[in-house]
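A.B. asks: To convert, count from 1 in the sequence shown and add 129; that's the numbering used here.
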Amino acid sequence: MLRLGQAVILTGLAFAAGATETGVLVRHNCGGCHTNPADPQGDLTRIEGQRKTPEGWEMTLRRMQMLHHVPFHDPGGTADADQVLARLIKHFSDTQGLAPAETAHYRYILERRLDTIEVPEDAEYAVMCARCHSAARVGLQRRNEDEWRHLVHFHLAQFPTTEYQAGGRDRDWLGTALGRIVQKLASEYPLRTPQWSDWQQAPKTSLAGRWRLAGRMPGKGDFEGVMSARPGDNDRYAVELDARWSDGSTVSGRGNAIVYTGFEWRANIEIEGVNYLQVLAASADGGTLGGRMFPADHVERGVDVAARREDGMPTLLAVQPSQLRRGETATLTLVGSALQGEPGLGPGIEVLERVFADPDRVVIRVRARDDAPVGARAVNLGAASRDAALTVYQGIDRLEVSPAYAVGRVGGREGSQPEVQARFDAIAWGHGPDGQPRTGDDLRIGPIAARWSVAPWDARAAADDDVRFAGTLDKDSGVFTPAEAGPNPLRRFQTNNAGNLKVIATVGEGEAAVSGEGHLLVTVQRWNNPPIR
């Protein structure tokens, strides 16, 4: 039996020959508790009043296993419990899922972007619902009013301390939840929406083909590659990936993918012995994919991915790196498909040499004149072009550490949870024509190489020697690796290796040095890690 978070990406579980019809599986596994006595052949109670993402349905079905010991059995005998579970997730995601527009605001939680800071507009809702889990966990569900009310009752039955914890004991939690909060949720996240109706009627496109990928991993650099998707049965695909990093190292892997709800791409790819997950969303026309790829056991080590399916037309997907300083010479890689022709980088940039060229990638040496116009500009390569693909800049006026606030977690030491790294980028900015920081004409230069260091966040962190004990920050990559879990006899009170740190990125030397700061909290392990947190 696979653990929570894996079943939804069981992309290799094809339907066996003579497989039991899905409707029979649903009735057999769900009907015992959810059949409506007044209409035994009608919709299943409770289930009919909800819509969710694939991850949401997995969490619901897993809860049925854990709390009610549902065995997930195939009456036809052709599938094991995991295969039945995977088929139920697929069925409910397709028939009672969310439309692309309904998930757009909350993709970060599906893509496991753990350092996202939510700021709900409704302060009471933030305390009532988003103090124990993300607001996105709510926003990725649609229910009728009765089902939202049932969910409140379930919360209090399953987690009775909800009323007594901070944020609950100072108010009539249950009364507020059953009143204003249920009404708010039923209004903002209703079961029936025009977006879902439109998406159900929209044609769904196969995602088979050859895909061109580009992206970036904080602490590692730019990424580009080719992914092929060969179609199988029931929205499944065999996947092959060949890619390279900006440092020249290459990776390759094979795996399987499945598409839920017509656009939710989930893939499982083994790369150098490590199982990577892809959580991507397809565009309505099936021409692009976007999202994130990360190791299953280290979701913080993710690659932001943008992909375009090849259609024979020249396409420029990215320029790597995406910035060039006045007066400097650099090597640029133009990533795309069906690339041909001469590169055009706009006024003030001279192409010195074409280092390499094939239909997927063109590598050029360029020089920016001292008077090259500053700003983001389009780049052309024959018939292919991309707006704002390259930024020319005069100098770096300020640095931002991204994320501005991050959480790392101690781990290992023979425990069940590995350490959770924090990975940082240094984002360079120019002040713009007005010479003032953080105004409308500021120029975002983008991620650049920097020197990294840590310092105590405050006096308490200094007194506790957090810099010594909490972990190590790689001075070149900006990757922080927390220390081991468990009590540390060298620390005061033999406490663990938690820490409160300032993360500092610096470029330049002496008086010309520019620095930026971020906040890193190194804390203890998290034991409950569902697909939607």
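C-beta atoms are modelled at their ideal positions from N, C-alpha and C, and glycine is treated no differently.
Could you tell me the distance, in whole angstroms, from the CA atom of V549 to the CA atom of V267?
C.D. replies: Taking the first residue of the sequence shown as position 1, residue 549 is located at position 420. Taking the first residue of the sequence shown as position 1, residue 267 is located at position 138. C-alpha separation (whole angstroms): 25 Å.
A.B. asks: Assuming L303 and E292 form a contact by the criterion Cβ under 8 Å, report the distance between their Cβ atoms to the nearest whole angstrom.
C.D. replies: As a first step, residue 303 is located in the sequence shown; it is residue number 174 there, counting from the start. As a first step, residue 292 is located in the sequence shown; it is residue number 163 there, counting from the start. With a Cβ gap of about 7 Å, L303 and E292 count as contacting.
A.B. asks: What would DSSP say about M422, mapped onto helix, strand or coil?
C.D. replies: Here residue 422 is taken as the residue at index 293 of the sequence shown, counted from 1. Strand.
A.B. asks: Assuming the contact rule is C-beta atoms closer than 8 Å, V199 and N158 should be a hit. Round their C-beta distance to whole Å, please.
C.D. replies: In the sequence shown, residue 199 corresponds to position 70, counting from 1. In the sequence shown, residue 158 corresponds to position 29, counting from 1. V199 to N158, Cβ: 6 Å. Contact.
A.B. asks: So, at 6 Å on beta carbons, what are the nonlocal neighbours of R339 in its own chain, with the 5 sequence-adjacent residues on each side left out?
C.D. replies: Mapped onto the sequence shown, residue 339 falls at position 210. Closer than 6 Å at the Cβ level, and outside the excluded window around R339, lie S357 and E439.
A.B. asks: First and last residue of the alpha helix (DSSP H) that includes H282?
C.D. replies: Taking the sequence shown and counting its residues from 1, one reaches residue 282 at position 153. Per DSSP, H282 belongs to the alpha helix (DSSP H) from E274 to Q287.
A.B. asks: Find out if the Cβ-Cβ distance for the pair V608, G206 is shorter than 8 Å.
C.D. replies: The sequence position of residue 608 within the sequence shown is 479, counting from 1. The sequence position of residue 206 within the sequence shown is 77, counting from 1. Result no, Cβ atoms of V608 and G206 do not sit closer than 8 Å.
A.B. asks: Quick check on the burial criterion: 16 or more other C-beta atoms within 10 angstroms. Buried or exposed for K604?
C.D. replies: Taking the sequence shown and counting its residues from 1, the one referred to as residue 604 is at position 475. K604 is exposed by the Cβ-count criterion.
A.B. asks: Let me check understanding here. Comparing Cα to Cα, which of N626, N657, D433 and A551 lies closest to V596?
C.D. replies: On the sequence shown, position 467 is the one that residue 596 refers to. Comparing Cα-Cα distances from V596 to each of N626, N657, D433 and A551, the minimum goes to N626.
A.B. asks: I'd like to know if the stretch 249-267 and the stretch 416-426 are in contact, where contact means that at least 3 CB-CB pairs between them fall below 8 Å.
C.D. replies: No: the two stretches stay apart, fewer than three of their Cβ pairs being nearer than 8 Å.
A.B. asks: Which partner residues of M346 appear in the DSSP bridge assignment?
C.D. replies: The sequence position of residue 346 within the sequence shown is 217, counting from 1. The partner list for M346 (beta bridge, DSSP) reads G350.
A.B. asks: Between R496, Q330, Q179 and V536, which has its C-alpha nearest D275's C-alpha?
C.D. replies: Looking up residue 275 in the sequence shown gives position 146. Among R496, Q330, Q179 and V536, the Cα nearest to that of D275 is on Q179.
A.B. asks: Quick check: what's the CA-CA separation for R483 versus V495?
C.D. replies: Looking up residue 483 in the sequence shown gives position 354. Looking up residue 495 in the sequence shown gives position 366. So the alpha carbons of these two residues sit roughly 9 Å apart.
A.B. asks: Only counting the same chain, and skipping five residues up and downstream in sequence, which positions put a Cβ closer than 7 Å to that of V281?
C.D. replies: For the purposes of this step, residue 281 is taken as residue 152 along the sequence shown, with counting starting at 1. Same-chain partners within the cutoff: A306, L307 and V311.
A.B. asks: Considering Cα atoms alone, identify which of G537, D500, L510 and V536 is closest to G524.
C.D. replies: Locating residue 524 in the sequence shown gives position 395, counting from the first residue. Residue D500 is the option with its Cα nearest to G524.
A.B. asks: Go ahead and pull the three-state DSSP assignment for F553.
C.D. replies: The residue labelled residue 553 in the question sits at position 424 within the sequence shown. The answer is coil: DSSP assigns F553 none of H, G, I, E or B.
A.B. asks: Would you give the residue range spanned by the beta strand (DSSP E) that L619 belongs to?
C.D. replies: In the sequence shown, the residue the question calls residue 619 occupies position 490. Per DSSP, L619 belongs to no beta strand (DSSP E) and is neither H nor E.
A.B. asks: Excluding sequence positions up to five away, which residues of its chain have a Cβ less than 6 Å from the Cβ of G76?
C.D. replies: In the structure displayed, the chain extends from 130 to 662; residue 76 sits before or after that span and is not available.
A.B. asks: Is DSSP giving P166 helix, strand or coil here?
C.D. replies: Translated into positions along the sequence shown, residue 166 becomes position 37. Three-state DSSP puts P166 in coil, outside helix and strand.
A.B. asks: Contact between the stretch 621-635 and the stretch 504-517: three or more CB pairs below 8 Å?
C.D. replies: Too few Cβ pairs lie closer than 8 Å, so no.
A.B. asks: Please list, in chain order, all residues of the same chain as A136 whose beta carbon is under 7 Å from its beta carbon, the five residues on each side excluded.
C.D. replies: For the purposes of this step, residue 136 is taken as residue 7 along the sequence shown, with counting starting at 1. Summary for A136: the model assigns pLDDT 47, below 50, so the residue's position carries little reliability, and this model does not support an answer.
A.B. asks: Sort out for me which residues DSSP pairs K333 with in a bridge.
C.D. replies: The residue given as residue 333 occupies position 204 in the sequence shown. For K333, which the question treats as bridged, DSSP gives no partner whatsoever.
A.B. asks: Give me, in chain order, the residues of the same chain whose beta-carbon lies closer than 6 Å to that of V256; leave out the 5 immediate sequence neighbours on both sides.
C.D. replies: As a first step, residue 256 must be located in the sequence shown, where it is residue number 127. So the qualifying residues of the chain are G296.
A.B. asks: Using only the alpha-carbon positions, how far apart do D571 and P616 sit?
C.D. replies: Position 442 of the sequence shown holds residue 571. Position 487 of the sequence shown holds residue 616. Going by the C-alpha atoms only, they are around 47 Å apart.
A.B. asks: How many Å lie between D487 and T520 at the Cα?
C.D. replies: For the purposes of this step, residue 487 is identified with residue 358 of the sequence shown, where counting begins at 1. For the purposes of this step, residue 520 is identified with residue 391 of the sequence shown, where counting begins at 1. For D487 and T520, the distance between alpha carbons rounds to 24 Å.
A.B. asks: Going by Cα to Cα distance, which pick from E638, G161 and E457 is closest to A579?
C.D. replies: Taking the sequence shown and counting its residues from 1, the one referred to as residue 579 is at position 450. Minimum Cα distance to A579 is reached at E638.
A.B. asks: Short of 8 Å in beta carbon distance, which residues of its chain neighbour R383, apart from the five on each side in sequence? Order them along the chain.
C.D. replies: Sequence index remark: in the sequence shown, residue 383 carries index 254 (1-based). For R383, where only same-chain residues beyond five positions count, the Cβ hits under 8 Å are A367, V368, E369, L370, I398 and E399.
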